[in-house]
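Residue numbers (our numbering), protein chains in the order written: chain A, 333 to 568; chain B, 2 to 407.
Pasting the structure below:
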């Protein structure tokens with residue numbers, strides 16, 4: 333089942349002077365439960381793709397249909413709400429709120445969603461347990477290692493029960509052991525709970541774990557390989 | 002949650018926040034204390050003038066306050082005073098003879114207001130007698146005739162001392178000049194040099210005989226239980242005694258009325274300027290905070306925090322930062338004002354200048370409670386005003402750009 337459908341997506345910078353195509357007529361679809369890496373050299377359009385999928389940026393043309401909603405048609409306010417309820421983000425530099433504990437960072441998203449306290453508490457503990465930080469719930473980010481912080485970020489991304497998680501270079505700031513550990517956790521969540529992960533990455537370890545690898549170059553898809561038995565929809 | 006995050010954010014950079022809080026605290030403490038000194042000085046001056054000189058309400062025969070001549074006497078003054086003393090809000094009433102004249106000693110002479118008083122009545126209306134020190138004699142002691150109570154300043158000018166003779170010269174009710182020798186019986190000293198130098202007191206009975214009309218009375222002075230009752234009592238007196246010139250203390254001393262009516266405005270202007278200046282510091286700090294937290298704010302918007310919530314969070318941070326300083330400033334100033342209200346501030350080194358304008362060199366700072374209430378609103382208003390620019394700056398951030406800021 334398609335969770336994301338991209339039709340003729342393009343993003344042009346400096347449209348009025350010398351147009352630079354960050355994405356140029358991309359068609360793509362993602363299924364529920366995918367564990368996908370978007371790879372490509374710098375400037376190939378990976379980050380632009382992730383920003384557009386996450387509704388953080390608006391395309392110059394084309395459609396992004398997520399669960400039957402074309403997010404390119406949404407107003408800024410509705411898009412924020414859509415992100416809150418449908419998309420989880422994991423950033424390269426963790427981006428946790430430093431004044432909040434691990435538990436509060438995870439809980440925060442649910443508070444924005446209006447989830448009641450009992451449910452919040454229960455889910456926060458479950459999520460932190462699932463990323464192996466059940467013993468760090470009351471610890472602030474500055475007392476956690478980079479790997480632990482990124483695991484809190486994963487738990488936070490999962491807190492809103494999103495339809496998919498976008499992870500932009502999630503292992504870039506981690507040592508190899510932490511990166512390996514994080515990938516194992518995400519892979520486990522994908523395998524056991526069918527959570528969809530889409531990565532933008534340069535990291536070969538992430539690529540190695542991915543069951544689908546999409547290669548971008550000059551704003552166009554030049555490769556889309558599925559591995560194992562992962563459900564993959566080829567771009568048209 | 003937004004409130005919790007905003008409050009925690011205030012303490013992220015403790016040194017910077019403490020500097021802002023300290024500047025608000027010190028600014029407000031200084032402002033409130035300065036305002037308390039000004040208010041205290043004026044309140045003291047008003048209280049002193051009312052208690053020593055003018056009382057709350059005075060009644061004169063029409064035209065007296067223009068000419069100050071003895072023939073402008075209030076007919077039936079004692080019976081009028083008797084009626085007034087029965088009004089519930091009236092604390093005390095006294096009748097006075099007031100004429101202008103000359104006080105002369107062998108060394109010098111000075112133009113003066115001669116006030117004839119009934120000492121027992123007068124003590125209920127005026128506290129002037131309390132300003133006579135132990136070395137200053139007394140306030141009409143015994144039944145001895147022609148006793149004189151005069152101010153320290155006039156004593157120095159006439160170069161007299163207790164028991165010295167001073168000749169008072171004035172017009173009687175027939176318009177003829179008359180004079181009599183009085184013995185210095187008491188020396189008072191208020192903080193008002195001009196009053197001390199120009200006002201002498203004698204017994205009403207002695208002065209009445211000399212003016213040629215023992216029942217002469219140019220002034221009825223009334224003191225009320227509470228100054229706030231003037232607007233109730235004054236109109237009632239005017240309707241009961243329509244033929245007389247009835248004035249309250251503000252009408253008798255318009256300059257004092259002006260000072261008291263403008264002092265509140267001045268206090269608010271002083272505090273407004275201080276808060277306005279502080280607002281610049283707060284805006285600067287908050288802009289710095291928004292700039293430093295660009296990536297975090299971008300992340301918050303990216304994960305679904307609405308712009309309204311981001312705006313509210315920055316507003317709350319500014320309000321917390323400002324009101325913490327404001328509250329500490331108000332508490333600190335309350336302690337300071339309260340302490341110095343009891344102890345007083347001795348400005349005797351400047352007493353000459355202050356007394357020339359009738360101000361007591363011992364100042365007891367004072368502030369009205371309602372100022373604190375208004376100040377709280379002013380601080381919140383300042384905080385909101387200071388928060389608008391940084392909060393708008395935060396709103397303009399684009400999450401896609403903000404999350405990539407290093």
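Backbone N, C-alpha and C define an ideal beta-carbon position, used for all residues, glycine too.
So, residue 155 (chain B) versus residue 201 (chain B), is the Cβ gap smaller than 8 Å? Locating residue 155 (chain B) in the second chain gives position 154, counting from the first residue. Locating residue 201 (chain B) in the second chain gives position 200, counting from the first residue. It is a contact, given that the beta carbons lie within the stated cut-off.
If you follow the alpha helix (DSSP H) that residue 292 (chain B) is in, where does it begin and where does it stop? Within the second chain, residue 292 (chain B) is the residue found at index 291, counting from 1. Counting along the chain, the alpha helix (DSSP H) containing residue 292 (chain B) begins and ends at 255-293.
Using a C-beta to C-beta distance shorter than 8 Å, which residues of chain A count as neighbours of residue 302 (chain B)? In the second chain, counting from the first residue as 1, residue 302 (chain B) sits at position 301. What residue 302 (chain B) touches in chain A: 412.
Leaving out five residues on either side along the sequence, give the residues of the same chain with a beta carbon under 6 Å from the beta carbon of residue 94 (chain B). As a working mapping, residue 94 (chain B) is identified with position 93 in the second chain. Hits under 6 Å: 82, 85, 86, 223.
Where residue 566 (chain A) and residue 286 (chain B) are concerned, what is the direct C-alpha to C-alpha distance, given to the nearest angstrom? What you label residue 566 (chain A) is simply residue 234 of the first chain in a count that begins at 1. What you label residue 286 (chain B) is simply residue 285 of the second chain in a count that begins at 1. With a pLDDT of only 42 at residue 566 (chain A), under 50, the local geometry of the prediction cannot be trusted, and no value is derived from it.
Spatial neighbours of residue 11 (chain B) in its chain, beta-carbon cut-off 7 Å, leaving aside the 5 residues before and after: In the second chain, the residue the question calls residue 11 (chain B) occupies position 10. These residues qualify, in order along the chain: 18, 318, 321, 322.
Residue 298 (chain B) classed as buried or exposed, judged by whether at least 16 other C-beta atoms fall within 10 angstroms: Within the second chain, numbered from 1, the residue matching residue 298 (chain B) stands at position 297. Looking at its Cβ environment, which holds 16 or more other Cβ atoms inside 10 Å, residue 298 (chain B) is buried.
So is residue 409 (chain A) in contact with chain B if we call contact Cβ pairs under 8 Å? On the first chain, residue 409 (chain A) is found 77 positions in, with the first residue counted as 1. Judged by the 8 Å Cβ criterion, residue 409 (chain A) is in contact with chain B.
Could you pull the DSSP bridge partners for residue 246 (chain B) from this structure? Position 245 of the second chain holds residue 246 (chain B). BP columns for residue 246 (chain B) point to B:61.
Could you compute how far the alpha carbon of residue 431 (chain A) sits from the alpha carbon of residue 7 (chain B)? In the first chain, residue 431 (chain A) corresponds to position 99, counting from 1. In the second chain, residue 7 (chain B) corresponds to position 6, counting from 1. About 9 Å.
Nearest neighbour of residue 349 (chain B), chosen from B:126, B:342, B:277, B:364 [CA to CA]: Here the question's residue 349 (chain B) lines up with position 348 in the second chain. Taking only the C-alpha atoms, the option nearest residue 349 (chain B) is B:364.
Just the C-alpha distance for residue 328 (chain B) and residue 47 (chain B), rounded to the nearest angstrom, thanks. In the second chain, residue 328 (chain B) corresponds to position 327, counting from 1. In the second chain, residue 47 (chain B) corresponds to position 46, counting from 1. Roughly 31 Å between the two C-alpha positions.
For a contact meaning CB atoms closer than 8 Å, what does residue 10 (chain B) contact in chain E? Chain labels in this structure do not include chain E; the protein chains are A and B.
Going by DSSP in three states, residue 140 (chain B) sits in which element: helix, strand or coil? Counting from 1 along the second chain, the entry for residue 140 (chain B) is found at position 139. Looking at residue 140 (chain B) - three-state DSSP - the assignment turns out to be coil, as it is neither helix nor strand.
Cβ atoms of residue 366 (chain B) and residue 41 (chain B): under 8 Å apart, would you say? Counted from its first residue, the second chain places residue 41 (chain B) at position 40. Counted from its first residue, the second chain places residue 366 (chain B) at position 365. Going by C-beta atoms, residue 41 (chain B) is nearer than 8 Å to residue 366 (chain B).
In its own chain, which residues sit with a C-beta less than 6 Å from the C-beta of residue 190 (chain B), not counting the 5 before and 5 after it? As a first step, residue 190 (chain B) is located in the second chain; it is residue number 189 there, counting from the start. Excluding residues within five positions, the ones whose Cβ falls inside 6 Å are 132, 153.
Pull up the DSSP beta-bridge partners for residue 220 (chain B), would you. For the purposes of this step, residue 220 (chain B) is taken as residue 219 along the second chain, with counting starting at 1. Residue 220 (chain B) pairs with B:97.
I'd like to know if residue 404 (chain B) contacts chain A, where contact means its C-beta is closer than 8 Å to some C-beta of that chain. Here the question's residue 404 (chain B) lines up with position 403 in the second chain. Answer yes: the Cβ-Cβ gap between residue 404 (chain B) and chain A drops below 8 Å somewhere.
Is the region 423-437 of chain A touching the region 453-466 of chain A in the sense that three or more CB pairs, one from each, lie closer than 8 Å? yes
Which listed residue (B:311, B:147, B:403, B:88) has its alpha carbon closest to that of residue 296 (chain B): Translated into positions along the second chain, residue 296 (chain B) becomes position 295. Considering only alpha carbons, the answer is B:403.
Jot down the residue ranges of each uninterrupted alpha helix (DSSP H) in the region 467-546 of chain A, minimum 4 residues, whole runs only, in chain order. 478-491, 508-525, 536-541
Taking the alpha carbon of residue 540 (chain A) as the reference point, which residue from A:523, A:519, A:549 has its own alpha carbon closest? If you number the first chain from 1, residue 540 (chain A) lands on position 208. Considering only alpha carbons, the answer is A:519.
Enumerate, from N- to C-terminal direction, the unbroken alpha helix (DSSP H) stretches of 4 or more residues contained entirely within the region 333-362 of chain B. 352-357
Leaving out five residues on either side along the sequence, give the residues of the same chain with a beta carbon under 8 Å from the beta carbon of residue 424 (chain A). Along the first chain, read from residue 1 onward, the residue named residue 424 (chain A) stands at position 92. Contacts found: 500, 501, 502, 504, 505.
Residue from B:308, B:326, B:382 with nearest C-alpha to residue 397 (chain B): For the purposes of this step, residue 397 (chain B) is identified with residue 396 of the second chain, where counting begins at 1. The shortest Cα separation from residue 397 (chain B) among B:308, B:326, B:382 belongs to B:308.
Considering only residues of the same chain and omitting the five flanking positions on each side of residue 280 (chain B), which have a CB-CB separation below 8 Å? Residue numbering aside, residue 280 (chain B) sits at position 279 when the second chain is read from its first letter. Only 383, 386, 387 meet the Cβ criterion.
Select from the region 436-460 of chain A all residues with a C-beta closer than 9 Å to any C-beta belonging to chain B, and list them in chain order. 436, 439, 440, 441, 443, 444, 445
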